[in-house]
Amino acid sequence: MSAFYVTTPIYYVNDKPHIGTAYSTIAADVLARYHRLRGQPTRFLTGLDEHGLKLERRAREQGMEPQAYVDMMVPPFRAAWTQLRCEHDDFIRTTEPRHKQRVHELWRRCKAAGDIFEDDYEGLYCVGCEAYYTEKDLLEGNVCPIHKKPVEVLKERTSFFRLSAFSDKLLAFYEANPKFVQPEGRFNEVKSFVKEGLKDLSISRSTFSWGVTVPDQPNHVVYVWFDALTNYMSSLEGPARADEKSPLMDQFWAPNGRVIHIVGKDILRFHAVYWPAFLMSAGLTPPTQVWAHGWLTVDGQKMSKSLGNFIPPGPVVEALGADVLRYYLMRDIAFGQDGDFSHQSLFARYHGELGNGLGNLLNRVVATIVKNSFDGKVPAVALDQLNDLDRGLLTKAKEAATLAARQLDEVHPTRALESIWELVAAANKYVDQTEPWKLAKQGELERLGQVVYVVLEALRYLGVMLWPYMPDKCDALLAQLGLSSLAPNVGRDLWPTETKALPAGTQTQPGAALFPRFDKDQEKAMLDKLIPKVEPVAEAPDAGNVTSAAAPAAAAPAASTTPVKDRELAAKADTSFDEFMKLDLRVGEVKTAERVKKSDKLLRLEVDLGPLGTRQILAGIGKHYAPEDLVGKRIAVLANLPPRKMMGLESQGMVLAAGDGEVLSVMHPHKDVPLGSTIA
Ligand code: MSP
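Taking the working numbering as reference, the numbering of the sequence shown is continuous, increasing by one, and the terminal residue is 683.
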């Protein structure tokens, strides 16, 4: 059985943990828990990236020595992962001696291979990214596209890694490992980047000192990415020398182990290009797979300290529990795509899927029927007496288990949850169809026993399959079924199958509701506490053809003192039905979307309106949507607005959106109505 090794990026310690970093860590923990459940030797690594100019500067700004500063930042990370129930096997810090030793070793190996040499380097350097940029990758005014700050010109004598020699080797490696990067679209970006030809990479710095010193060159420190990437091996303790064996390395690193790096899409290039090149140079095997997830926005906006919408996971955990946040993040933000964190949607999923869907199922059957009709014991049933409906649900459970396992094996935690939730829906439907409460009332105990048994079995499947996502809730669920908590062990596969069925006579233990309900007032009070107070972002006049509640704010003179919300609340004067019917409102599908040059708000969309053809529409939603997130979406469009030119481009319609100046949401039909359907 091959070992499984999953890693998160090591986080910079200049920020405290937030839901973005929590997302990576939770995803890795879900995968680790799943593989442990399958009985596989599993190792989960996370940690901190503590070197670099940015950190040195941050420490000095605070009047601290860098080491004291980074030491101070460690406890919040450790505490956050504990609170989120992320059970890592190792926590690495790049300031640890064990790590520095490995960086030296990797350096020596690359140097011995002839891939490290010295030369002058002058470049445009972003301190935030700790990376050099070429002009073409920067925004106007040589501004970093990620940190939106001007880059600095740095010149220094440095060591270079001969990355240019690795283009062909990397392309051959990609060819031989067609799943090396996921999702596939991102792999294509990586391949195109490498196909353009790689430049040698400067991998040492003499302009600052907070880092791992270069072997035999104490006035240079190792480039922070060469340093940071090595962490994935430092944790495995080796190999220190080419002739030395490291048992952990042997077991967990590729090719023996399956190595999955979970990273955000912004740091994919470092992991999918530089890292395998360093390893190839050192004669080591690259990781098995690099999985790039998307970016989280908060209520439609990029998370940022200046906007005040930086979400730490702690308060959500205190309000709803770690499991609920874990479930929500894995369910709501499709793994691999960008997504939006919204407190409203978190509560909607809490009440809907968790409370009504799963919690209620357990409650309805265990707390009432099993308790009252069977003395709380799992009834004995003859399996060959079950009818088609019963067998249908048991088959559904097996199918969900097979599918979810495959999806989790392939690192699709969101898809796996969807498959598992089909079982929740099917089980609820089964209960509605079989009406066990009626059977109980009528005293049809034999039939009732069959129904109850089938539902309890479905719940057993669910309790195990959902455990990687919600370990505590699932242990509580299993306890109510009379089963013990899951305690994974190497060599014992605990994934549910029909042969591990709930034994008849098991004493169930009805307990507290898994997901207790809050009434409207309680929920409002919780939301008021949780939702960050964000300053409304004033829309500039080039807001484009988008209509939204925020639009009046865009048009309002800057001196207006009426807050956006008050202006919105004022009702408009009545209109006539005929006036309304003059509007040609249609459903369209976004075929392509891109940013309009020199505008951070305008997106150029091509929208298919069915019989009306495809229209070019400019929409002022660029601050709220990434273009790629709109492609393929069905949206509402005002189609009979006279064409209007903006930024030299003609807009042939208007996208309908709703918002309050803080959040903006494009309207879309919740069923797949044909393109061009009228809206009225
Ligand atoms: N230190 C480097 C990683 C080195 S790994 C050898 C780094 N650190 S980071 O703290 O800036 O980011 C760590 C991870 O957090 C990245 O994968 C990044 O994508 C992720 N996220 C930070 N903000 C995020 C969101 N808003 N949404 C999703 N993930 C985000 O880069």
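Cβ atoms here follow ideal geometry from the backbone N, Cα and C, with glycine treated the same way. Quick caveat, the model's predicted, so the values are computed rather than measured.
Any non-hydrogen atom of the ligand MSP closer than 7 Å to residue i Cβ
i      : result
Asp93  : no
Gly23  : yes
Trp294 : no
Leu287 : no
Asn234 : yes
Leu3   : As shown, the chain starts at 4 and ends at 683. That puts residue 3 outside it, with no answer to give.
Val215 : no
Tyr8   : no
Ala231 : yes
Lys302 : Lys is not the amino acid found at residue 302; the sequence shown has Asp there. No, the beta carbon of Asp302 sits no closer than 7 Å to any heavy atom of the ligand MSP.
Tyr15  : yes
Met306 : yes
Ile270 : yes
Tyr26  : yes
Asp335 : no
Val266 : yes
Trp498 : no
Gly632 : One point to set straight first is that residue 632 is Asp, not Gly, in the sequence displayed. Not under cutoff, so the answer is no.
Trp110 : no
For residue i, the three-state DSSP class (helix, strand or coil)
i      : result
Phe190 : helix
Glu501 : helix
Glu68  : coil
Ala41  : The question names Ala, yet the displayed sequence has Arg at residue 41. Coil at Arg41, not helix or strand.
Ala404 : helix
Arg463 : helix
Val9   : strand
Leu361 : helix
Thr511 : coil
Met4   : coil
Gln445 : coil
Phe120 : strand
Lys374 : helix
Ala553 : Confidence in Ala553 is poor, its pLDDT being 30 and thus under 50, which makes the residue's placement too unreliable to answer from.
Arg589 : strand
Gln340 : coil
Tyr15  : strand
Asn548 : Residue placement at Asn548 is flagged as unreliable, the pLDDT there being 38, under the threshold of 50; the coordinate-derived value follows with that caveat. Reduced to three states, the DSSP call for Asn548 is coil.
Gly50  : strand
Arg520 : coil
Leu486 : coil
Leu2   : Since the first and last residues shown for the chain are 4 and 683, residue 2 lies out of range.
Burial state of residue i, where buried means 16 or more other Cβ atoms lie within 10 Å
i      : result
His673 : exposed
Asn643 : exposed
Ser284 : buried
Asp391 : exposed
Phe80  : buried
Pro20  : buried
Met76  : buried
Phe169 : buried
Thr150 : Looking at the sequence provided, one finds His at residue 150 rather than Thr. Exposed, since its Cβ has fewer than 16 Cβ neighbours within 10 Å.
Glu90  : exposed
Val193 : buried
Ser487 : exposed
Pro181 : exposed
Ser307 : exposed
Thr681 : exposed
Gln185 : buried
Supposed contact pair residue j and residue i - C-beta distance, whole angstroms, cut 8 Å
i      : j      : result
Val593 : Val634 : 6 Å
Tyr353 : Phe518 : 6 Å
Tyr14  : Asp52  : 6 Å
Trp294 : Gly55  : At roughly 25 Å, the Cβ-Cβ gap does not stay under 8 Å, so Trp294 and Gly55 are not in contact.
Ala443 : Leu451 : 6 Å
Arg463 : Leu484 : 6 Å
Tyr277 : Leu204 : 7 Å
Gly303 : Asp343 : 6 Å
Thr500 : Ala404 : 7 Å
Met650 : Ala661 : The Cβ separation is near 24 Å, so there is no contact.
Near the ligand SAH: residue i beta-carbon under 7 Å from a heavy atom
i      : result
Leu621 : No copy of the ligand SAH appears in this structure; the ligands present are the ligand MSP.
8 Å Cβ cutoff, residue i in contact with chain D
i      : result
Leu397 : No chain D appears in this structure, which consists of one protein chain only.
Inside the segment 132 to 204 only - beta strand (DSSP E) runs reaching at least 3 residues: 134 to 136, 155 to 164
Those runs of the alpha helix (DSSP H) which lie wholly inside the segment 81 to 110 and span at least 4 residues: none
Contained beta strand (DSSP E) runs [length at least 3] in the segment 233 to 308, N- to C-terminal order: 261 to 267, 292 to 296, 299 to 301
Whole runs of the beta strand (DSSP E) within the segment 623 to 671, excluding any shorter than 3 residues: 637 to 641, 647 to 649, 652 to 654, 657 to 662, 667 to 669
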